[in-house]
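Remarks on the structure that follows.
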Amino acid sequence: MRNDFLDVYFSGVKGRASLVLAMLILVASVPFSPGSGLTFLVGLLMIQAVFAISFNILFGLTGLISFGQAAYFAAGAYGTAYLMQLDVGMPFLVAWVLGGLIGGVFAIAVGLVALRRASGIYFAILSLALGQLVYTVIRYSDALGRDDGMLGIDRPVLNFFLFQIDLGVGERYFYFILIATALLVAFLWWVWHGKLGRVLFAIRQDPDRVRFLGVNVQRYQQYAFVIGGTTAALAGGLMGPWAHILTPELAHWSYSALPILMSLLGGVAYFWGPVAGAIVFAWLGYITRTMPGIQELVIGGVLLVIVLALPGGIAGGAARIRQWLRRRRLTNEKEAGSNA
Amino acid sequence: MLSEVGLVVFNGLTWGMAVFLVAAGLTLVFGILHILNFSHGGFFMIGAYVSYQLLVTFGGGSALSFYLAAAFGGGLVVAFLGYVIDRLVLRRLKHVDHAYSLIATYALLVLCEGFVEITWGVDYRGMATPEILAGASFQHGIFMPTYSMFVIGAGVVLFLMLDAWMQYSRTGKLVRSVAIDPWMSGVLGVNTVAVYTAVVVVGFFLAGLAGGLLAANQSLSPALGSQYIIQAFGVIIVGGIGSVRGAFLASVLLGIVVALESLYFPYYPGMLFYLAVALFVMFRPAGLIKQRGVA
Chain A
1 MRNDFLDVYF SGVKGRASLV LAMLILVASV PFSPGSGLTF LVGLLMIQAV FAISFNILFG
61 LTGLISFGQA AYFAAGAYGT AYLMQLDVGM PFLVAWVLGG LIGGVFAIAV GLVALRRASG
121 IYFAILSLAL GQLVYTVIRY SDALGRDDGM LGIDRPVLNF FLFQIDLGVG ERYFYFILIA
181 TALLVAFLWW VWHGKLGRVL FAIRQDPDRV RFLGVNVQRY QQYAFVIGGT TAALAGGLMG
241 PWAHILTPEL AHWSYSALPI LMSLLGGVAY FWGPVAGAIV FAWLGYITRT MPGIQELVIG
301 GVLLVIVLAL PGGIAGGAAR IRQWLRRRRL TNEKEAGSNA
Chain S
341 MLSEVGLVVF NGLTWGMAVF LVAAGLTLVF GILHILNFSH GGFFMIGAYV SYQLLVTFGG
401 GSALSFYLAA AFGGGLVVAF LGYVIDRLVL RRLKHVDHAY SLIATYALLV LCEGFVEITW
461 GVDYRGMATP EILAGASFQH GIFMPTYSMF VIGAGVVLFL MLDAWMQYSR TGKLVRSVAI
521 DPWMSGVLGV NTVAVYTAVV VVGFFLAGLA GGLLAANQSL SPALGSQYII QAFGVIIVGG
581 IGSVRGAFLA SVLLGIVVAL ESLYFPYYPG MLFYLAVALF VMFRPAGLIK QRGVA
């Protein structure tokens, strides 16, 4: 039966891997589609998907909700772009990694402050307030373009000494984003499924018990926070050359809501949830882009329904349907057996 | 020197009372439902737009009485919305994790923005300041707009009324008892659900009223919803979440901080505010006035 085949095939690791491979091929073929609008949107989507997972590493695994994730994203974006435009001729890859480190260092500082004292709503507000500091600095610094933003950020040239790759040619930068985001997602996948992820998940379930087992709960939460902040900053670093412009809105707290929306929409309990959420979110935004007001109503309405009625998001809903199918199949088999 | 002190106090009070007008309803709702309501900013914005619309539709002119009536009308409309929202959403968030209820109220804020964009469009709207408040006076070297004095007065009056209600009236005592121990209050025969609803309605009314009172101070746009809310969050957290007195004290205190900053360190406006809030959460998470029975 076809259903059985899909069920067995795609539930295994091999199935997941082939799904991921199919997704990669699909994305890689986007630049061959007519019209460059889609290519830009998919590039943006990849960056935002990493941004969303970086948030969910903290929220999905530890239950701590950060309302300042945009600050790390923007720190990486502005840090990378600023270093690129310096006169010293810093190679792009170095600037990118340093931009990520800026976000990481900021995350360490915020984590030290926020995780030590605050939990629940206080953690959300504290991360928001500290994130707004980055927004304020960007908005009022001449070197970062103030409200006008940083303009004219060029696609970089990768210099490998023996040879050079000019990412400004054709859609090369799109493929650079694809490779970079794939590596970041692979790293985050490893964090999520590895030992660190398991400890974090245990902390989420019962922090006191894990503490009794001799685990430094706060330090592990700090790891998650720093990993989330650094990967958000690295995702942000890809943004400048792709959009050619960076604006302070990237650091505003309402931009921090973006990965939250995506993660909830997709399902926070699943690693791929934020990615699914990012795709659906981009699609919702795309079809309602010419309808001011409707867009907000759709997004707000969907989010509200998810929180009130479907806390598992898309992935949770899909899991429920799979379970239902399996149960139905089992009862069918039982009936078939009793009939025979 | 003296005029500088005066300037800081005056500007600080102006900022503080404007934010207190918004924060008062927010802290009431948090005190009893334990929900930090992002959408408060959205309903504040709807209150501002409704009062604007009332003045335009009924051709109120620029008399202060019409202005106040319009603000009151905005409050009533938003209070009704609050009743509906309580029934449809807030009541269901009681047993939901804090993070999720925060997100649900953010979704409501987004809905408010969509509603305003559809109803009034994305263009800026301006509301005329009532004639009597349009002037300014210049005393002891301090420039004092009449409208600022009006905002300060409105904030102080609102605080005195709310505080008297909470501390001395029977209903206020009921609200406090439900906030501290809903189960025990229920056992003693208090209809806790009715109290919850009443507080939400009052809180939303205050949001709408604040929108109407402050409408003349700003250009109305769909971005208004997320403008005051962070300041109001800061104020109620520093004040001790759920406490009206704390929110009032914190409004004044943070207002002074903001005024000092704009006078002596104007390079990064707002920075000191966020730093002050962060420091408070770190070293005094319970706030200036600790409320009993608040999570």
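Just so you know, the protein sequences line up as chains A and S, in that order.
Using the working numbering, you'd call the opening residue of the first sequence number 1 and step up by one each time.
Using the working numbering, you'd call the opening residue of the second sequence number 341 and step up by one each time.
We treat Cβ as the ideally placed atom computed from N, Cα and C, and that holds for glycine.
Just so you know, these numbers come straight off a predicted model, no measurement behind them.
| Asked | Found |
| --- | --- |
| How about P609 (chain S): is its C-beta nearer than 8 Å to some C-beta of chain A? | yes |
| Rounded to whole angstroms, how far is the Cβ of I375 (chain S) from the Cβ of V456 (chain S), which I believe are closer than 8 Å? | Actually they are not in contact, since the Cβ atoms of I375 (chain S) and V456 (chain S) sit about 22 Å apart, beyond 8 Å. |
| Can you check the region 530-592 of chain S for any alpha helix (DSSP H) of at least 4 residues that lies completely inside it and give the ranges in chain order? | 532-554, 569-579 |
| Among residues of its own chain, excluding the 5 on either side of Y389 (chain S), which ones have a beta-carbon nearer than 7 Å to its beta-carbon? | V456, W460, L560 |
| Tell me, please, whether the CB atom of R2 (chain A) is closer than 8 Å to any CB atom in chain S? | Only weak support is given to the placement of R2 (chain A): the predicted model assigns it a pLDDT of 44, under 50, and the value that follows is read from those uncertain coordinates. It does not: the Cβ of R2 (chain A) has no partner Cβ on chain S nearer than 8 Å. |
| What three-state label does DSSP hand G352 (chain S) in the structure shown? | helix |
| Check the Cβ of S566 (chain S) against every Cβ in chain A and list those closer than 7 Å, keeping chain order. | S254 |
| Can you give the Cα-Cα distance for V617 (chain S) and L126 (chain A), rounded to whole angstroms? | 8 Å |
| Cβ of K541 (chain S) less than 8 Å from any chain A Cβ? | According to the sequence shown, residue 541 (chain S) is Val rather than Lys. So no, V541 (chain S) is outside the interface. |
| If you scan the region 97-178 of chain A from start to end, which runs of the alpha helix (DSSP H) of 4 or more residues do you find wholly inside it? | 121-139 |
| Given V210 (chain A), which residues of its chain have a CB within under 8 Å of its CB, disregarding the five upstream and five downstream residues? | V199, A202, I203, V217 |
| From A358 (chain S) to G481 (chain S), what distance separates their C-alpha atoms? | 23 Å |
| Chain S partners of A269 (chain A), CB-CB under 8 Å? | Near A269 (chain A) there are no residues of chain S at all, since even the closest Cβ is about 13 Å away, more than 8 Å. |
| Who are the near neighbours of L628 (chain S) in its chain, counting only those whose CB is closer than 7 Å to its CB and skipping five residues on each side? | V578, G579, G580, G586, L589, A590 |
| Just checking my contact of A182 (chain A) with L24 (chain A) at CB under 8 Å: how many whole Å lie between their CB atoms? | 7 Å |
| Would you verify that the beta carbon of V634 (chain S) is, or is not, closer than 8 Å to some beta carbon of chain A? | Low confidence applies here, because V634 (chain S) scores a pLDDT of 43, under 50, leaving its location unreliable; read the following figure in that light. No, its Cβ sits nowhere closer than 8 Å to a Cβ of chain A. |
| Less than 8 Å between the CB atoms is what I'm expecting for L246 (chain A) and M90 (chain A), so what's the real figure, rounded? | That belief does not hold up - the Cβ atoms of L246 (chain A) and M90 (chain A) are roughly 17 Å apart, past 8 Å. |
| Would you call F32 (chain A) buried or exposed, if buried means 16 or more other Cβ atoms sit within 10 Å of its Cβ? | exposed |
| Locate the beta strand (DSSP E) running through P485 (chain S), then write down its first and last residues. | 482-485 |
| What residues match up with R465 (chain S) in a beta bridge as DSSP calls it? | S:L560 |
| Using a C-beta cutoff of 8 Å, does I287 (chain A) count as contacting chain S? | no |
| Could you tell me the distance, in whole angstroms, from the CA atom of A336 (chain A) to the CA atom of A22 (chain A)? | 36 Å |
| For a quick check, are the C-beta atoms of V574 (chain S) and F613 (chain S) less than 8 Å apart? | Residue 574 (chain S) is actually Gly in this sequence, not Val. Result yes, Cβ atoms of G574 (chain S) and F613 (chain S) sit closer than 8 Å. |
| Opposite L308 (chain A) in the DSSP bridges: which residues? | Its beta-bridge partners do not exist; DSSP assigns none. |
| Under a three-way DSSP split, which group does F92 (chain A) fall into? | helix |
| Determine the burial state of V497 (chain S): buried for a count of at least 16 other Cβ atoms within 10 Å of its Cβ, exposed for fewer. | exposed |
| For a cutoff of 8 Å on Cβ pairs, would you count Q132 (chain A) as touching chain S? | yes |
| Since V316 (chain A) and G267 (chain A) are thought to touch, with beta carbons under 8 Å apart, how far apart are those beta carbons, to the nearest angstrom? | In the sequence as presented, Val is not what sits at residue 316 (chain A); that position holds Gly. The Cβ separation is near 5 Å, so the contact holds. |
| Consult DSSP for L246 (chain A) and reduce its assignment to one of helix, strand or coil. | strand |
| Could you run through the region 457-481 of chain S and flag, in chain order, every residue whose CB is less than 9 Å away from some CB of chain A? | E457, I458, T459, G461, V462 |
| Would a check of beta-carbon distances place A109 (chain A) closer than 8 Å to chain S? | no |
| Run through the DSSP bridge pairs and tell me what F478 (chain S) is partnered with. | S:F483 |
| Quick one: residues in its chain with C-beta nearer than 7 Å to the C-beta of Y536 (chain S), no 5 flanking neighbours on either side, listed in chain order? | I372, L373 |
| Using CA coordinates, which residue listed in S:A599, S:S488, S:R427, S:F545 is at the minimum distance from G381 (chain S)? | S:F545 |
| What are the boundary residues of the alpha helix (DSSP H) that includes S66 (chain A)? | It is not in any alpha helix (DSSP H) - S66 (chain A) carries neither H nor E in the DSSP assignment. |
| Between the region 383-394 of chain S and chain A, which residues of the former have CB atoms less than 8 Å from a CB of the latter, in chain order? | none |
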